[in-house]
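Let me begin by presenting the structure, written as structure tokens, before commenting on it.
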Amino acid sequence: MCNVSRREFLITSGACLSLAAEQKLLARPLPAGLAEAAKDDVVAPDVYFHEGQVSDTADAVCNNGWIMFEDYVLVIDANFPAGARLIIGQIRALTNKPIRFAFDTHHHGDHAYGNQVFVENGGVPVAHTGVVEEMKRYETGYYGHEPGRWEEATKERADLKTTKLKPPSVLFSKDLIFDDGKHRVELIHLGVAHTHGDAVAWLPNERILFTGDVCVNGPYNFVGDGDVGKWVATLEEAKKLGARVVCTGHGPRSTATVLDDQQAFFKALREQVGAVMTNLPPDQTKTKIESIRATLKSNAQIARYVSDRAAGSDDGFPAQVAKVYEELTGNKMTALFHEPHRARRAHARSHGLRSA
Ligand SMILES: [Zn+2]
2 MCNVSRREFL
12 ITSGACLSLA
22 AEQKLLARPL
32 PAGLAEAAKD
42 DVVAPDVYFH
52 EGQVSDTADA
62 VCNNGWIMFE
72 DYVLVIDANF
82 PAGARLIIGQ
92 IRALTNKPIR
102 FAFDTHHHGD
112 HAYGNQVFVE
122 NGGVPVAHTG
132 VVEEMKRYET
142 GYYGHEPGRW
152 EEATKERADL
162 KTTKLKPPSV
172 LFSKDLIFDD
182 GKHRVELIHL
192 GVAHTHGDAV
202 AWLPNERILF
212 TGDVCVNGPY
222 NFVGDGDVGK
232 WVATLEEAKK
242 LGARVVCTGH
252 GPRSTATVLD
262 DQQAFFKALR
272 EQVGAVMTNL
282 PPDQTKTKIE
292 SIRATLKSNA
302 QIARYVSDRA
312 AGSDDGFPAQ
322 VAKVYEELTG
332 NKMTALFHEP
342 HRARRAHARS
352 HGLRSA
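Going left to right, the sequence shown walks through residues 2 to 357 as this note's numbering numbers them.
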């Protein structure tokens, strides 16, 4: 019995076992490929989740998922090129089925810059139409204008130097369904959130939701390209799906409570900024950041979302406060961003975002 059929036999026999548990059950060592794949999380039969770790590669940190259909594999998020190669290796340890589709949950580098790697391995990048619209906004170099985010990120990421930006070429305006009778995956645009082009992958049979960065599990929220007010409403739509398992874009996988927690964080942030800051002119708001941070940190449900990063970090708490202040008042807290920002640059590098 080959590795794949042994594995599929174990999974379809009803037991949702981790590979480590399988190994114990069989009381013999796993073949090398499967032992490697044991780092991945079997969420349900043929459905995998890989939590991105900084140790995976120097810089590839986005979470991935993949679904093994009868005839092909659908991957959730293309990651950076280094991450794409890692995930392709993980999948190849499990099956020889073609990796036919790579679904970009949104346009950011850590979710979409690996597209070309998937193309070279026979895959097609798939995304909501908003992903291409966002790329036209930020990836200006690709579209024949001034250098954009890709060119900026290439200065600091070795894995971008040997590949190129490849926008998705299979696009959907609301949803796209993959269904072979056994597995069903619905790619759905639920509304504006982390960006203007986010989509999620919903598996109604198993009630598993892959959210991309519509939902994260920890202090990873970058709010610069989205709309926090609309994001709260989009999370409400995500909650209506009734997920049992939620695989977020960053951080450990969780249950439906993670959608509640992230939404509660944004609601509390909007309430606090509204109550404490919106009656102040922009140059006096900075003094209130730490008290708002302390208030949110004291709430156990949302404390893990409150970053300790200083002003200048793209996903730092001050940047989130500034975005909400701008959404509520129309004014920018520009004073936050006058200093050099080493933390911001470091984070921007890991997310493929512009460093200045
Ligand atoms: Zn993102």
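The beta-carbon is built from N, C-alpha and C at its ideal position, and this holds for glycine as well.
Not a single heavy atom of ligand 1 lies less than 7 Å from the C-beta of F104. Here Q285 is exposed. Its C-beta has fewer than 16 other C-beta atoms within 10 Å. Between A83 and H112, the C-beta gap is not smaller than 8 Å, which leaves the two residues out of contact. Between N64 and T249 a beta carbon distance of about 6 Å is seen, short of the 8 Å cut, so the two are scored as contacting. If you draw a straight line from the Cα of E237 to the Cα of G230, it is about 11 Å long.
Taking a 10 Å sphere around the C-beta of S308, we find 16 or more other C-beta atoms and assign the residue as buried. Uninterrupted alpha helix (DSSP H) stretches at least 4 residues long and entirely within the region 49-122 occur at 82-93, 110-113 and 116-121, given in chain order. Annotation: K167 to E52 spans about 24 Å, alpha carbon to alpha carbon. For the pair A265 and A244, the CB atoms are not nearer than the 8 Å cut-off. Any heavy atom of ligand 1 within less than 7 Å of a residue's beta carbon puts that residue on the list, which reads H107, H109, D111, H112, H195, T196, D214, F223, G250 and H352. In terms of Cα proximity to Q302, the closest of P220, V322 and A323 is P220. With fewer than 16 neighbouring CB atoms inside 10 Å of its own CB, E121 falls in the exposed class. In the three-state scheme derived from DSSP, where H, G and I count as helix and E and B as strand, D180 is classed as strand. Residue state for G213 is assigned as strand, using DSSP reduced to three classes.
Per the coordinates, the alpha-carbon of A159 lies some 15 Å from the alpha-carbon of V62.
In the structure shown, P220 adopts coil according to DSSP, grouped into three states.
Under the three-state reduction of DSSP, V193 is assigned to coil, being neither helix nor strand.
Boundaries of the beta strand (DSSP E) around V171: V171 to F173. According to DSSP, P126 shares a beta bridge with A103. Rounded to whole angstroms, the gap between the alpha carbons of V43 and G225 is 33 Å. Contact between T106 and V201 is confirmed by a C-beta separation of about 7 Å, below the 8 Å threshold.
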